[in-house]
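J.: Just dropping this structure here.
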Amino acid sequence: MAKSHQKLIEAYVKAFTSLRPGNIDTLLALVEIDVVFVDPFNKLRGKAAFGAVFEHMFETTIEPQFTVSDVAHSTVRDRHVTYLRWQMTARTKGWPSVSLELEGMSEIHIGDTGLVSHHIDHWDSASQLLSKLPFIGALVRQIMRIFVVRTN
């Protein structure tokens, strides 16, 4: 990995794990103007939309915090991708308040500009979020049981 890419990723991880309502711009400074963001609920393009993801997170949760536990890099045919394994903790605002402990992985693609071009989140929204919600949680858990392999 090029030294410039390494520095970008280090800055990105620091900004990502230090996110607060007043410092989202620190993360936005590290992404391309037409950055692509994908997670289980969204597929968005553009710096403003990317920032809105985190603004929404702060509007709907209490004390969200990301911790990065592992970082891996890949370069194939001049395509630079970093994989961040992370944990996110928070509580949802309002009633009912649900405690969140999410584990996931983000693909961070570095574009030709030397900035982040794609942030693609992979995490299990069914078992880590939807199954914990009132009303629909019981239905989601029942559906998930259909796919459980029984070995006895």
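Residue numbers (this note's numbering): 703 to 854.
We put the CB at the ideal spot given by N, CA and C, even for glycine.
If you're wondering where the values come from, they're calculated on a predicted model, not measured in any experiment.
(1) Is residue 810 closer than 8 Å to residue 783 when the C-beta atoms are compared?
(2) Please give the ranges of any alpha helix (DSSP H) in the region 730-818, keeping only runs that are unbroken, at least 4 residues long and fully inside the region.
(3) Between the Cα of residue 719 and those of 842, 839, 808 and 830, spot the shortest distance and give me the residue it belongs to.
(4) What separation, rounded to the nearest whole angstrom, lies between the Cα atoms of residue 799 and residue 838?
(5) Going by DSSP, what residues sit across from residue 822 in a beta bridge?
(6) With C-beta atoms as the reference, is residue 752 less than 8 Å away from residue 730?
(7) Exposed or buried, which one is residue 756 when buried takes at least 16 other CB atoms within 10 Å?
(8) For the alpha helix (DSSP H) containing residue 852, list its first residue and its last residue.
T.: Taking the geometry as given:
(1) Taking the first residue of the sequence shown as 1, we reach residue 783 at position 81. Taking the first residue of the sequence shown as 1, we reach residue 810 at position 108. In contact: residue 783 and residue 810 (Cβ atoms closer than 8 Å).
(2) 749-762
(3) Position 17 of the sequence shown, counted from the start, is the residue given in the question as residue 719. Of 842, 839, 808 and 830, the residue nearest in Cα terms is 808.
(4) To locate residue 799, count along the sequence shown from 1; it is residue 97. To locate residue 838, count along the sequence shown from 1; it is residue 136. Going from the Cα of residue 799 to the Cα of residue 838 covers about 15 Å.
(5) In the sequence shown, counting from the first residue as 1, residue 822 sits at position 120. DSSP lists 740 and 809 as partners of residue 822.
(6) Taking the sequence shown and counting its residues from 1, the one referred to as residue 752 is at position 50. Taking the sequence shown and counting its residues from 1, the one referred to as residue 730 is at position 28. Yes, they are a contact pair.
(7) Stepping through the sequence shown from its first residue, residue 756 is reached at position 54. With 16 or more Cβ atoms within 10 Å of its Cβ, residue 756 is classed as buried.
(8) The residue labelled residue 852 in the question sits at position 150 within the sequence shown. No alpha helix (DSSP H) contains residue 852, which DSSP labels as neither H nor E.
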